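Peer 1:
Residue numbers (our numbering): 128 to 344.
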């Protein structure tokens, strides 16, 4: 896969200016974000915007998250490379590609069939589909067939943490999810360990609404 030199330079600048200088420290996350071609996960006519410090529209009312948010959500999961991760809200597949570089296996669920197809194509073209399974379905309910999951990442704002996802989280396990109203949320990091659940807020954020049985109807 041949990449334009200017996009490679923009990717390096993104890692330094948007991630490292904002406090992203996990070297594995920084390396993954520096290696994965974000331009392969946006519509072709928007590739020149791939490394801007903003979300990008990918159609069907959905977005690819701001690079910093993708990195932060990956970092708070504290992945070591041995985990099975559930992602809710595949979108274009970019965050799944990042998680796939950090974990052993990723199961990512997308509600919209056209976007699930888009993500599969993007992951294959970028050579990042080997340990990533894209499922089309209601991600707010998780995927019990492959549960439990060592980590869960939800890329859509929910009114509350879906209890189905908490049930499918391993002990120990970590879950990151935006929680709030339809416009503004707080990014919550939930840790399950020894039968207990602890939650902290990583930052304020704004995601598209989580749709489905345990999301916004």
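Glycine is no exception: its CB is placed at the ideal position from the N, C-alpha and C atoms. Bear in mind the structure is a predicted one, so any value in this text is a computation, not a measurement.
Cutting at 6 Å between CB atoms, please list the residues of its own chain near residue 305, excluding the five before and the five after it.
Peer 2: Result list for residue 305: 284, 312, 314, 332 and 334, in chain order.
Peer 1: Near residue 319, which residues of its chain fall below 6 Å by C-beta distance, leaving aside the five closest residues on each side in sequence?
Peer 2: Answer for residue 319: 296, 298 and 300, listed in chain order.
Peer 1: Short check: CB of residue 280 to CB of residue 303, under 8 Å?
Peer 2: Cβ distance < 8 Å, so residue 280 and residue 303 count as in contact.
Peer 1: In the DSSP output, which residue or residues are listed as bridge partners for residue 319?
Peer 2: Answer by DSSP bridge pairing, in chain order: 300 and 324.
Peer 1: Count the other C-beta atoms from every protein chain shown that fall within 10 angstroms of the C-beta of residue 171, then say buried if there are 16 or more, exposed otherwise.
Peer 2: Looking at its Cβ environment, which holds fewer than 16 other Cβ atoms inside 10 Å, residue 171 is exposed.
Peer 1: Give the range of the beta strand (DSSP E) segment to which residue 235 is assigned.
Peer 2: Residues 232–237.
Peer 1: If you scan the stretch 156–209 from start to end, which runs of the alpha helix (DSSP H) of 4 or more residues do you find wholly inside it?
Peer 2: Here the runs fully enclosed are 194–203.
Peer 1: When you compare the stretch 198–206 with the stretch 171–186, are there three or more beta-carbon pairs, one atom per stretch, that lie closer than 8 Å?
Peer 2: Taking 8 Å as the limit for Cβ pairs, the verdict is that the stretch 171–186 does not touch the stretch 198–206.
Peer 1: If you measure between the beta carbons of residue 237 and residue 212, is that distance less than 8 Å?
Peer 2: No, the Cβ-Cβ distance between residue 237 and residue 212 is not below 8 Å.
Peer 1: Whole-angstrom Cβ separation of residue 227 and residue 258, contact assumed at under 8 Å?
Peer 2: With a Cβ gap of about 5 Å, residue 227 and residue 258 count as contacting.
Peer 1: Within the continuous alpha helix (DSSP H) that includes residue 229, where are the two ends?
Peer 2: Per DSSP, residue 229 belongs to the alpha helix (DSSP H) from 221–229.
Peer 1: Please look up how many angstroms separate the CB atoms of residue 254 and residue 215, rounded, as I've assumed it's under 8 Å.
Peer 2: Contact doesn't hold; Cβ gap of about 24 Å is too wide.
Peer 1: Less than 8 Å between the beta carbons of residue 134 and residue 166, yes or no?
Peer 2: It is a contact, given that the beta carbons lie within the stated cut-off.
Peer 1: Please state whether DSSP places residue 256 in a helix, a strand or coil.
Peer 2: Coil.
Peer 1: By Cβ distance, which residues of its chain are closer than 8 Å to residue 173, with the 5 residues on each side in sequence left out?
Peer 2: Excluding sequence neighbours, residue 173 sits near 183 and 184.
Peer 1: Am I right that residue 241 and residue 218 are in contact with their C-beta atoms under 8 Å? What's the rounded C-beta distance?
Peer 2: Contact doesn't hold; Cβ gap of about 11 Å is too wide.
Peer 1: Excluding the five sequence neighbours on either side, which residues of its own chain have a C-beta within less than 7 Å of the C-beta of residue 192, listed in chain order?
Peer 2: Within the same chain, residue 192 has close Cβ partners 182, 222 and 282.
Peer 1: As a quick exercise: from 232, 145 and 225, pick the residue whose alpha carbon is nearest that of residue 209.
Peer 2: Closest by alpha carbon: 232.
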